[in-house]
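For reference, the structure is listed below as structure tokens.
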Amino acid sequence: MRFLIHPTYFPTISIFSLLVQKDCIWEVHDNYQKQTYRNRCYISTDQGKHMMNIPIQHVGGNQGRQLYKEVRVDNEYKWQRQHWRTLQTAYRTSPFFEYYEDDLAPLFHTNYKFLMDFNFETIKIICDCLQLDLPVSKTEEYEEQPTDSKDLR
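Going by this note's numbering, the sequence shown opens with residue 994, and the numbers climb by one from there.
What follows is the structure, given as structure tokens:
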């Protein structure tokens, strides 16, 4: 059975466990939903759980819903600099951070136009670091109730 999942900002370990064990397909044709992991992640710091949120450009007004693949990152804010400094502060003294720092740094020094592109890049880099094969299968259209896969969206 295939698992249907969203590309999110630094996905949780449960998503990576699925990538290792199961056949997964990325959902790329649904609407963007607020209050999800698509533009946020949580890290552990010395102060506890810390949320990092990517600012996005909302469509608003009469345009209604926005497709996830069309959500643009709002690069007017210096969010990448802030997120990179937060990661460095939280993990600089952790074992092995120095080994992965050069792999992660380009994420925070390159502007991305679309949120989904950035999320796929974070997943690709983590998969490369963990020596995992990145699933390349993506949905071709949105299905409200998929029949050939387990819906974990």
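A virtual CB, placed ideally from N, CA and C, is assigned to each residue, including glycine. What you are looking at is a predicted structure, and each value in this text was computed from that prediction instead of being measured.
Counted within 10 angstroms of its Cβ, other Cβ atoms place residue i as buried (16 or more) or exposed
i	result
L1123	exposed
V1064	buried
F994	Rather than Phe, the amino acid found at residue 994 in this sequence is Met. So M994 counts as exposed.
S1076	One detail in the question is off: residue 1076 reads as His in this sequence, not Ser. Under this definition H1076 is a buried residue.
H999	buried
Y1002	buried
I1047	buried
I1116	buried
Cβ shell of residue i (< 6 Å), same chain only, five flanking positions each side left out
i	result
Y1084	F1090
H1152	The requested residue 1152 is not part of the displayed model; the chain covers only 994 to 1146.
I1119	none
E1020	L997, H999, T1132, R1146
T1038	A1083
H1102	none
Residue i and residue j closer than 8 Å at C-beta
i	j	result
V1164	F1111	The structure shown does not extend to residue 1164, since the chain is modelled only from 994 to 1146, so the question has no answer here.
S1087	L997	no
N1032	L1060	no
I1008	P1128	no
L1100	E1114	yes
H1022	E1137	no
D1096	D1121	yes
K1062	M1109	yes
Span of the beta strand (DSSP E) around residue i
i	result
R995	995 to 998
E1047	The sequence given here has Ile at residue 1047, not Glu. No beta strand (DSSP E) contains I1047, which DSSP labels as neither H nor E.
D1016	1016 to 1019
is_contact[residue i, chain D] using C-beta, thresh 8 Å
i	result
F996	Within the model displayed, chain D is absent; a lone protein chain is all it includes.
Residue i: first and last residue of the uninterrupted alpha helix (DSSP H) it sits in
i	result
F1121	The sequence given here places Asp at residue 1121; Phe does not occur at that position. First-last of the alpha helix (DSSP H) with D1121: 1108 to 1122.
R1033	No alpha helix (DSSP H) contains R1033, which is instead part of the beta strand (DSSP E) from 1033 to 1038.
D1095	1090 to 1097
Y1084	1072 to 1084
Close Cβ partners of residue i (< 7 Å) along its chain, the five nearest in sequence each way excluded
i	result
M1045	R1033, C1034, I1036, H1076, T1079
Q1050	R1065, D1067
Q1040	none
Residues near residue i in its chain [Cβ-Cβ closer than 8 Å; skip 5 each side]
i	result
F1107	K1062, E1063, V1064, R1065, V1066
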